[in-house]
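Protein chains: 2
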Amino acid sequence: MNEAIDLTREECERLLRSGVGGRVALCSPNGPYIVPVNHSVVDDAIIIRTSPYSVLGTYGRDTMLAFEVDQFDHERQRGWSVVARGRAEVVVKPAELDHIRETWEPRPWAAGARSLHLRVRWTELSGRKIGSGWDLAAALPVHRSM
Amino acid sequence: MNEAIDLTREECERLLRSGVGGRVALCSPNGPYIVPVNHSVVDDAIIIRTSPYSVLGTYGRDTMLAFEVDQFDHERQRGWSVVARGRAEVVVKPAELDHIRETWEPRPWAAGARSLHLRVRWTELSGRKIGSGWDLAAALPVHRSM
């Protein structure tokens, strides 16, 4: 059995910034939801595009969210996971939206109108890995230049 | 851009039962958390082992949980995700614990005492896929006999 090892803050940030998708958790009056999303990281905030009428758009604004990225190698029982938590706010200022679009606009794979930009400035960031002998950066599904 | 397509109930169940790990979301007084976990499916319930002192063990009992499994091919921008939601209860009866152990005991990869068995009988189950031309079952990281 493998010991889970805490990732450093730098490793967590690198993995968060290198990915293009993860899962966001939110609390609704009817309990928690998990929604898979594409994301980007602009400055020190996670940016997610969604529809104003979605579960995320309805219950995921002006409240705490948790966002997770991970990768698991089931055959070798190894992997890593990074979780960021912070308060989500809707980006409304045109200058801020322009900055996001110019820096790194999130690119959802799925069709659909996603006019709402949620910004999560993380106040908690932690990660763990299980199993050794692999390079976290090389294991990323997509290599993003930073 | 790809249209997201709803999975049938049968596809959702098959993917849920075929996996060995996912992510559970819970609501705490301090907002939502996401925790990656190994899981199993016994009868019509998700079984997760955790420590009584973890965030999940503290805030994830006798309350609604959301559990998600997915697989994404970032290069080809395709993937699927299944989310199950239901009320979590701690399994305490010895006969029920025996039944779980005999049927399919969850096998956490990470070391650590996980004496608490949480059971989530899902009351909501839904899934979506993006992108076509792949066999959902063949794409599973681990093939479990059912």
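These protein sequence lines map, in sequence, to chains A and B.
Those letters in the first sequence? Residues 116 to 261, by the working numbering.
Those letters in the second sequence? Residues 116 to 261, by the working numbering.
Every residue gets a Cβ at the ideal spot worked out from N, C-alpha and C, and that includes glycine.
Asked                                                                                                                          : Found
Residue(s) in a DSSP beta bridge with residue 151 of chain A                                                                   : A/138
Any non-hydrogen atom of the ligand GDP within 7 Å of residue 220 of chain B CB                                                : This structure simply doesn't include the ligand GDP, nor any ligand for that matter.
For residue 133 of chain A, the nearest candidate out of A/245, A/227, A/221 and A/230 (CA to CA)                              : A/221
Of the listed residues A/219, A/139 and A/206, nearest to residue 185 of chain A (C-alpha basis)                               : A/139
Chain A contact for residue 209 of chain B (CB, 8 Å cutoff)                                                                    : no
Reduced DSSP secondary structure (H/G/I, E/B, other) of residue 213 of chain B                                                 : helix
Residue 229 of chain A classed as buried or exposed, judged by whether at least 16 other C-beta atoms fall within 10 angstroms : buried
Within-8 Å CB hit, residue 136 of chain B to chain A                                                                           : yes
Cβ of residue 221 of chain B within 8 Å of any chain A Cβ                                                                      : no
Any C-beta of chain A under 8 Å from that of residue 163 of chain B                                                            : no
Rounded Cβ spacing between residue 130 of chain B and residue 197 of chain B (contact assumed at less than 8 Å)                : 5 Å
Min CB distance residue 127 of chain A to chain B below 8 Å                                                                    : no
Min CB distance residue 261 of chain A to chain B below 8 Å                                                                    : Confidence at residue 261 of chain A is low in this model, with a pLDDT of 39, below 50, so its placement is unreliable and no value can be given for it.
Check whether residue 149 of chain B and residue 182 of chain B have beta carbons under 8 Å apart                              : no
Extent of the continuous alpha helix (DSSP H) to which residue 132 of chain A belongs                                          : 124 to 133
Beta carbon of residue 203 of chain A nearer than 8 Å to that of residue 245 of chain B                                        : no
Check whether residue 223 of chain A and residue 153 of chain A have beta carbons under 8 Å apart                              : yes
Closest residue to residue 173 of chain B among B/237, B/239, B/242 and B/231 (Cα-Cα distance)                                 : B/231
Residue 121 of chain A versus residue 127 of chain A - alpha carbon distance                                                   : 10 Å
C-beta neighbour in chain B for residue 160 of chain A, strict 8 Å                                                             : no
Strand pairing of residue 193 of chain B, partner residues [DSSP]                                                              : B/188
Residues near residue 219 of chain B by beta carbon distance below 6 Å, same chain, minus five either side                     : 155 and 157
8 Å Cβ cutoff, residue 237 of chain B in contact with chain A                                                                  : no
Residue 213 of chain A to residue 159 of chain B span [Cα, whole Å]                                                            : 48 Å
Contact with chain B by residue 200 of chain A, beta-carbon distance below 8 Å                                                 : yes
Distance CB(residue 242 of chain A)-CB(residue 166 of chain A) smaller than 8 Å                                                : no
Residue 201 of chain A, DSSP secondary structure in three states                                                               : strand
Alpha-carbon spacing of residue 169 of chain A relative to residue 247 of chain B, whole angstroms                             : 24 Å
Per-residue burial, residue 199 of chain A [other beta carbons within 10 Å of its own, 16 or more giving buried]               : buried
Exposure label - residue 147 of chain A; buried when at least 16 CB within 10 Å                                                : buried
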